[in-house]
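Numbering (UniProt numbering), first residue to last: 1 to 228.
Here's what the structure looks like:
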């Protein structure tokens with residue numbers, strides 16, 4: 001089954017639940033760029049037609065396109081909703097079309113369309129499956145290149161990249177252990193106190209202490225082996 005990284009802010013849309021129904025394995029991250037990472041270096045930014053129009057008007061759209069191309073090898077904009085209605089309401093169909101053409105021609109960002117959230121989930125699932133079918137369970141790299149203004153931001157980003165560790169939990173871990181090195185030397189009891197789950201604590205401890213093997217015969221080298 002395809003594995004997809006989902007921006008934590010996308011869960012209110014309901015699409016992650018639809019992806020689970022389709023059989024996708026989801027990992028939650030607060031992505032700095034994009035809403036979904038569907039394979040190695042491949043990201044999708046989902047936009048409702050009205051959000052797209054607003055972002056074109058206030059120029060955010062082109063900044064987002066630029067950031068997508070900087071962060072990922074392949075990028076998609078998924079436009080969700082009734083396109084013709086949005087064009088008629090905005091009265092700016094030429095501006096709308098011009099922006100989408102610019103996305104493809106000037107930024108090399110592909111544009112996809114869906115009528116509703118269920119169709120969006122099906123597109124995301126198909127993209128992930130198509131891109132991953134030849135990867136043989138290769139772990140997905142987010143390929144995001146955020147700009148940090150402090151060591152603290154770098155530390156938070158590093159810790160929250162761990163499975164089942166969000167922004168708040170990363171902050172708690174760093175406050176408890178003071179440094180990333182100290183955290184890596186923590187034990188299961190320490191982690192359980194912060195994570196609130198023995199299973200999560202054991203997983204984190206195992207990730208930090210299991211010897212890495214690049215051999216395909218060692219299944220523990222893939223993060224999906226820890227996902228039930």
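Beta carbons are placed, not taken as given, at the ideal position from N, Cα and C, and that holds for glycine.
Alpha-carbon spacing of residue i relative to residue j, whole angstroms
i	j	result
residue 129	residue 21	15 Å
residue 220	residue 102	The predicted model places residue 220 with a pLDDT of 37, which falls under 50 and marks its position as unreliable, so this point remains unresolved.
residue 72	residue 165	23 Å
residue 180	residue 84	51 Å
residue 41	residue 52	23 Å
residue 157	residue 13	24 Å
residue 38	residue 162	18 Å
DSSP state of residue i mapped onto helix, strand, coil
i	result
residue 70	helix
residue 17	helix
residue 175	helix
residue 190	helix
residue 119	helix
residue 159	helix
residue 168	helix
Same chain, Cβ closer than 6 Å to residue i, neighbours up to 5 away in sequence not counted
i	result
residue 2	24, 128, 129, 132
residue 8	28, 30
residue 184	208
Residues near residue i in its chain [Cβ-Cβ closer than 7 Å; skip 5 each side]
i	result
residue 68	33, 34, 43, 45, 75, 109
residue 172	194
Rounded Cβ spacing between residue i and residue j (contact assumed at less than 8 Å)
i	j	result
residue 79	residue 47	6 Å
residue 124	residue 36	6 Å
residue 19	residue 121	5 Å
Residue burial classification, residue i (beta-carbon count within 10 angstroms, cutoff 16)
i	result
residue 189	exposed
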